[in-house]
Amino acid sequence: MGQGNFSLARLLLAFVFLAMFSAVATAQFRASVQGVVADNAGGVVSAATVTLTNKETNQSQKTETSDGGFYRFSNLAPGLYSLSVEKADFKKGVTDNVKVDAEAVTGVDLTLEAGVISETVTVQAEDVALQTEDANIRKTITNAEVLSLPQSGRDPYELARLTPGVFGAGARGSNGNSQGFP
9 MGQGNFSLAR LLLAFVFLAM FSAVATAQFR ASVQGVVADN AGGVVSAATV
59 TLTNKETNQS QKTETSDGGF YRFSNLAPGL YSLSVEKADF KKGVTDNVKV
109 DAEAVTGVDL TLEAGVISET VTVQAEDVAL QTEDANIRKT ITNAEVLSLP
159 QSGRDPYELA RLTPGVFGAG ARGSNGNSQG FP
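For the sequence shown, our numbering begins at 9 and goes up steadily by one.
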């Protein structure tokens, strides 16, 4: 019976030590970011979603602003963060490079502009092969392309002078005559 009490005492002691060390582990970081979200007119914005993202670990935390527009993120590790705020009928607000120091409270007030949520446009295109072995440019220019040139006289030699790598003896003079082609 003496050994049963001894084992129970060991178990209780081990539990107390684990509880103490876990409390110390969670209290390592006491830095925080807090602020108020307001609109252009200065009125507070309640129920806005505020997202804080650690730029080094890419871990995100979300919270919602209170009725007074207040938000707070606690127990943060020191480092650089990105802060964004979103709410319907407002444009998304983003603040980059928010520096959080150890054991400090960083205040970042955010302003939302009235507007519509931005549309997302996805552009898909195939990769164009870049010719790196041959520096020559080869393209046949049609008569229609020459006629649509934004220059007086629609002179194809003037077009040739506009080509990269071509150096001419001059351009059109003030009287409209060409100054020669090399």
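Think of the CB as a built atom: it goes at the ideal place given N, C-alpha and C, for glycine as much as any other residue.
{"Check": "Alpha carbon of R80 to alpha carbon of T71, nearest angstrom", "Outcome": "8 Å"}
{"Check": "Extent of the continuous alpha helix (DSSP H) to which E153 belongs", "Outcome": "151-155"}
{"Check": "For A168 and V154, the rounded distance between their alpha carbons", "Outcome": "11 Å"}
{"Check": "Same chain, Cβ closer than 7 Å to G51, five either side skipped, listed in chain order", "Outcome": "none"}
{"Check": "The region 53-64 / the region 19-28 touching (three or more Cβ pairs under 8 Å)", "Outcome": "no"}
{"Check": "K95 classed as buried or exposed, judged by whether at least 16 other C-beta atoms fall within 10 angstroms", "Outcome": "buried"}
{"Check": "Residue range of the beta strand (DSSP E) that includes E64", "Outcome": "That residue, E64, is in no beta strand (DSSP E); it is neither H nor E in DSSP."}
{"Check": "Beta-bridge partners of Y165, as assigned by DSSP", "Outcome": "In DSSP, Y165 forms no bridge with anything."}
{"Check": "Reference K107, options K99, V116, G101, R18, closest by Cα", "Outcome": "V116"}
{"Check": "Reference D104, options F98, A110, G87, closest by Cα", "Outcome": "G87"}
{"Check": "Terminal residues of the beta strand (DSSP E) in which S40 lies", "Outcome": "39-47"}
{"Check": "Test item: CB-CB of A39 and L84 under 9 Å", "Outcome": "yes"}
{"Check": "Buried versus exposed, by CB contacts within 10 Å (16 or more), L120", "Outcome": "buried"}
{"Check": "Rounded straight-line distance, which links the Cα of K100 to that of V45", "Outcome": "12 Å"}
{"Check": "Cβ neighbour criterion (16 or more within 10 Å) applied to G43", "Outcome": "buried"}
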